[in-house]
Structures are given as structure tokens and as C-alpha cells.
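**Q** Please find one structure pasted underneath; my questions will follow.
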Amino acid sequence: MSHYANAWQAAISRVEGAAQRAQRSCDTVKVLAVSKTFGPAAVRAVYALGQRAFGENYVQETLEKRRALADLPDIEWHLIGPLQSNKARLAAETFDWVETIDGLKIAERLAAARPRDRGPLQVLVQVNASGEASKSGVAPDAVPALARDVHHLPGLTLRGIMGIPAPTADAGRQRQQFRMLRECFDACRAAGLAVDTLSMGMSADLEAAIAEGATEVRLGTAIFGARER
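Residue numbers for the sequence shown follow my numbering, beginning at 105 and rising by one.
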């Protein structure tokens with residue numbers, strides 16, 4: 105067993121415990137292992153434990169990892185960092201999921217560039233959960249309209265909503281931000297969109313996120329340890 109085994113199992117146990125306390129089935133919450141800055145050997149080690157979905161911030165870094173791990177074809181690569189328009193073509197070719205759609209223009213570029221032999225690119229609309237001008241994502245009231253537009257693009261499959269609340273020691277404020285993201289998700293469903301993914305919560309706050317309805321939590325430090333730079 106790799107030296108990641110205990111950390112990965114502890115993370116899975118936290119997720120399962122949070123789901124049980126929320127009276128949810130454990131299999132309703134997916135773990136996305138955030139492997140950004142960690143090399144192919146680390147990804148391979150966590151893959152060997154049973155993890156299949158990995159989150160990355162940078163297109164080029166992921167492309168290099170895909171090449172190094174080409175013998176593991178069932179890895180699922182998620183882009184969870186901001187995407188520049190000039191990287192849309194490469195992202196559409198490299199990733200299985202893009203979780204950071206924050207405008208129609210970038211969605212259209214991804215749709216046009218997605219290789220047809222790869223099947224649809226799975227995408228999430230990113231919501232600015234905190235309302236901070238410095239944060240990526242669309243305003244909550246703009247989510248249904250953008251989601252509808254993305255849903256109609258060929259080459260993409262809209263799966264749901266992603267958001268990153270502002271860090272806070274105020275548990276009430278934390279829950280409020282997660283609740284707002286869940287309301288955006290519910291608004292998409294109410295608009296007739298068949299979304300199934302609410303990606304929110306990280307290593308420090310996964311319990312609150314799951315309590316508010318997260319179906320995917322993005323865990324980096326909890327699995328890989330302190331970030332390599």
C-alpha cells in the first residue's frame with residue numbers, strides 16, 4: 105500500500121460519515137481527488153487505491169499526466185481551474201469534465217473543439233458563491249439562463265453546478281453559501297434541466313457541503329497532503 109492509503113481511506117470515511125449524518129446514501133457523494141501540482145506517480149498511487157476521478161487546474165500539466173498514465177484508460181480528468189479562451193481547444197481534447205463554465209463564449213468554444221469521437225464533454229456551470237468581484241463564476245440569478253444555453257450546445261452535456269464559497273470561520277455563513285449553491289442547482293432542475301451534479305466542498309468543509317446536498321466534493325489536502333509548489 106502507498107503512503108497515501110491511510111489519508112485516502114480517512115477521507116472516504118469522512119465523506120461516508122457526513123452522508124450518513126445527512127441521512128443520505130454514501131454512494132450519492134462522489135470524491136474528486138484534487139491532484140494538481142502532484143506528479144503522475146502520486147496519481148497512480150491513489151488510482152491503485154480505487155480512486156478514478158482526478159481534478160486539475162492547468163491544461164498543460166494534465167496533458168503531460170495523461171500521457172504518462174496512458175495505461176490507465178479509465179481515469180476521469182476534471183478541469184477545476186479557470187479556463188482561458190485560448191486554451192479551450194486543448195481543454196476540450198484533454199479533459200472528460202470541465203467544471204468551470206462561467207460564460208457562454210467559453211462553452212461555445214469548448215463545444216466547437218470537442219472531438220466527436222470522444223463523446224460529449226461533461227460540464228458544470230460555476231457560480232460565484234461569495235459574491236466577491238475577484239472570484240470566478242456567474243451570479244446566482246444568471247445561472248438558469250446560462251445553464252439553458254449550455255444545455256443546447258452540441259458536444260457538451262450539462263451535468264450541474266460548481267461553486268467555491270469564501271473561507272469563513274462563521275459556520276452560519278458557510279452553510280448559507282452552500283445553501284445558495286444548492287438553490288441554484290434546484291433552480292436548474294425546476295427549469296427542466298436534467299442536472300445531477302452539485303460540486304461543492306473541499307477538505308476543510310466537506311461535512312457542511314454534504315449536509316447541504318453536495319454530490320461531489322473536491323479533496324486535495326485530505327488525500328495528497330500539503331500542496332507541492
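Note that the Cβ used here is the ideal one computed from N, Cα and C, for glycine as well.
So the beta strand (DSSP E) T301 belongs to, where does it begin and stop?
**A** Run containing T301: 301-303, per the beta strand (DSSP E) assignment.
**Q** Nearest-angstrom Cα distance between L176 and L167?
**A** Answer to the nearest angstrom: the Cα atoms are 14 Å apart.
**Q** Taking the beta strand (DSSP E) that T319 belongs to, which residues open and close that run?
**A** It is not in any beta strand (DSSP E) - T319 carries neither H nor E in the DSSP assignment.
**Q** In whole angstroms, give me the CA-to-CA distance for P248 and H107.
**A** 43 Å
**Q** Are F199 and L228 closer than 8 Å when you measure CB to CB?
**A** no
**Q** Exposed or buried, which one is G143 when buried takes at least 16 other CB atoms within 10 Å?
**A** exposed
**Q** Going by the CB atoms, is the gap between P269 and A233 shorter than 8 Å?
**A** yes
**Q** Assign Y264 to buried or exposed, taking buried as 16 or more other Cβ atoms, counted over all protein chains shown, within 10 Å of its Cβ.
**A** Residue 264 is actually Gly in this sequence, not Tyr. Under this definition G264 is a buried residue.
**Q** Which one of S307, E311, A312 has the shortest CA to CA distance from I327?
**A** Nearest of S307, E311, A312 to I327, Cα basis: S307.
**Q** Quick one: Cα of R222 to Cα of S189, how far?
**A** 21 Å
**Q** Within 10 angstroms of its Cβ, does G329 collect 16 or more other Cβ (buried), or is it exposed?
**A** exposed
**Q** Ignore the nearest five residues each way along the sequence and tell me which others in R279's own chain have a CB closer than 8 Å to its CB.
**A** A312, A315, E316
**Q** Tell me whether the beta-carbon of G241 lies closer than 8 Å to the beta-carbon of D206.
**A** Yes, these two residues count as a Cβ contact at 8 Å.
**Q** I'd like to confirm the pairing. Which residues does DSSP put opposite A157 in its beta bridges?
**A** E180
**Q** DSSP puts A137 in a beta bridge; with which residues?
**A** F158, L323
**Q** By Cβ distance, which residues of its chain are closer than 8 Å to L136, with the 5 residues on each side in sequence left out?
**A** Around L136: A157, F158, G159, H182, I184, S303, E320, V321, R322, L323.
**Q** If we ignore side chains and look at the alpha-carbon of each, how far apart do R283 and G296 end up?
**A** 20 Å
**Q** At what residues does the alpha helix (DSSP H) containing L260 begin and finish?
**A** Element bounds for L260: not the alpha helix (DSSP H) but the beta strand (DSSP E), 260-267.
**Q** Find the nearest neighbour of V299 within the set L310, G259, A146, R252, judged by alpha-carbon distance.
**A** Nearest C-alpha to V299 among L310, G259, A146, R252: R252.
**Q** Inspect the beta-carbon positions of G276 and V231 and report whether they are closer than 8 Å.
**A** no
**Q** Would you mind listing the alpha helix (DSSP H) stretches within the stretch 207-276 that are 4+ residues and don't spill past its ends, in chain order?
**A** Within the stretch 207-276, the runs of alpha helix (DSSP H) that reach at least 4 residues and sit entirely inside it are, in chain order, 208-217, 247-255.
**Q** Taking the alpha carbon of V150 as the point to measure from, which residue in E180, C130, L250, L260 has its own alpha carbon closest?
**A** E180
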